[in-house]
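Those sequence lines, one after another, are chains X and L.
Take the first sequence: its letters are residues 2 to 134, numbered as in our numbering.
Take the second sequence: its letters are residues 390 to 498, numbered as in our numbering.
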Amino acid sequence: MSESEPSGAEGGEGAPGRPRESEPDARFTFANERTFLAWNRTALALIVAGLAIVQLLPPFPGLPWGRHLLAVPLIVFGAVLSIGGFAEWGRNQRALRRGEPLPRSPLPRMLSVAIAAVALLAAVLVLLSEAVE
Amino acid sequence: MTSGGLDDPEDLDPGLARERTELAWFRTAVSFAALGGAMLQTTPVIGGLILGMSALVHLLGRVTRPAGRVAGHERRHALLLISAAVALVAAVALATIFLASDSLFPLRR
């Protein structure tokens, strides 16, 4: 990254104690933006999944709260993922401007854990509902 | 990585990255439209609002498209708006679940 023409928007050129910043290559900025949009589509997919569980699935026999138990975490995590995606975009963009290594993202791990947890919960609910039935 | 003036060809034309990004905006708008369409069945007003959001997302993707370089702070606002919209949709989805008349935990009787 060249340091010849720092950006004025989020500047910092010459400010004491602040690293120099410059406009990154447009391709990297575009890639960062696409990643942000992909996280938001994932968030929307989680929200849709939560809604579909409540509105389309029949209730678990003997466990009337089962659908809500699955849907609410999915929808809440969708919101978290969207906000987290924005924070991630900001961190990546700052690192690009400063020419620093990109920070590690916690979002993929969080998503994996959340999906695994919901899948496990779904399996438990299915087994419990069969046992109750 | 390059920067600086517009004399660098990569700054003037970042290749297919711009096109891929426009397609990503379009896919995001389609995702909003799909969710809005699905919600039209149960909650028509909210479904219509989310469908309107999809148009907004599509417009944001076009309006904030840089002519030659990326204006960071302008895109930041556009992306913040997208995140806020998704968070709002999540809140609406939760409200839809709990406000439904046949809900197990209805907030409204």
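Quick reminder that beta carbons are idealized off the backbone N, C-alpha and C, glycines included.
Can you check DSSP and say which residues form a bridge with X/L64?
As a first step, residue 64 of chain X must be located in the first sequence, where it is residue number 63. Answer is X/F61.
Whole alpha helix (DSSP H) elements within the segment 38-119 of chain X, 4-residue minimum:
For the segment 38-119 of chain X, whole alpha helix (DSSP H) runs of length 4 or above, ordered along the chain, are 67-99.
Are any of the Cβ atoms in chain L nearer than 8 Å to that of X/L103?
Residue mapping note: residue 103 of chain X aligns to position 102 of the first sequence, counting from 1. No, X/L103 does not count as interfacial toward chain L.
Anything in the segment 48-66 of chain X with a Cβ closer than 7 Å to a Cβ of chain L? List those residues in chain order, please.
Residues passing the 7 Å Cβ filter: I48, V49, G51, L52, V55, Q56, P65 and W66.
Identify the continuous alpha helix (DSSP H) that holds L/P433 and give its terminal residues.
Within the second sequence, residue 433 of chain L is the residue found at index 44, counting from 1. First-last of the alpha helix (DSSP H) with L/P433: P433 to V452.
Contacting residues, own chain, Cβ-Cβ under 8 Å from X/P1 (five flanking each side not counted)
The shown model of chain X, from 2 to 134, leaves out residue 1 of chain X, and the question about it has no answer.
Span of the alpha helix (DSSP H), counted from its first residue to its last, around L/E411:
Within the second sequence, numbered from 1, the residue matching residue 411 of chain L stands at position 22. Per DSSP, L/E411 belongs to the alpha helix (DSSP H) from A406 to L429.
In or out: X/V125 buried (at least 16 other Cβ within 10 Å) or exposed?
The residue you call residue 125 of chain X lines up with position 124 of the first sequence. Exposed, since its Cβ has fewer than 16 Cβ neighbours within 10 Å.
At a CB-CB cut-off below 9 Å, which residues of chain X make contact with L/R409?
Locating residue 409 of chain L in the second sequence gives position 20, counting from the first residue. Contact annotation for L/R409 against chain X: F31, A32 and R35 [CB-CB distance below 9 Å, chain order].
Are the beta-carbon atoms belonging to X/S83 and X/A44 less than 8 Å from one another?
The count along the first sequence starts at 1 and reaches residue 83 of chain X at position 82. The count along the first sequence starts at 1 and reaches residue 44 of chain X at position 43. In this structure, X/A44 lies closer than 8 Å to X/S83 by Cβ.
Quick check: is the beta carbon of X/I84 nearer than 8 Å to any beta carbon in chain L?
Here residue 84 of chain X refers to the residue found at position 83 of the first sequence. Output row for X/I84: interface = yes.
Check whether the segment 467-474 of chain L and the segment 71-91 of chain X are in contact - that is, three or more C-beta pairs closer than 8 Å.
By the C-beta criterion, the segment 467-474 of chain L is judged to be in contact with the segment 71-91 of chain X, since at least 3 inter-stretch pairs fall below 8 Å.
Nearest residue (CA-CA) to X/E134, options X/G63, X/V55, X/V49 and X/F29
Sequence index remark: in the first sequence, residue 134 of chain X carries index 133 (1-based). The option with the nearest alpha carbon to X/E134 is X/G63.
X/R28 burial status per 10 Å Cβ neighbour count (16 or more: buried)
Taking the first sequence and counting its residues from 1, one reaches residue 28 of chain X at position 27. Label assigned to X/R28: buried.
Quick one: using the 10 Å Cβ neighbour count with 16 as the cut-off for buried, is X/P107 buried or exposed?
Residue numbering aside, residue 107 of chain X sits at position 106 when the first sequence is read from its first letter. Exposed, since its Cβ has fewer than 16 Cβ neighbours within 10 Å.
Buried versus exposed, by CB contacts within 10 Å (16 or more), X/P65
One-based indexing of the first sequence puts residue 65 of chain X at position 64. Its Cβ having fewer than 16 others within 10 Å, X/P65 is exposed.
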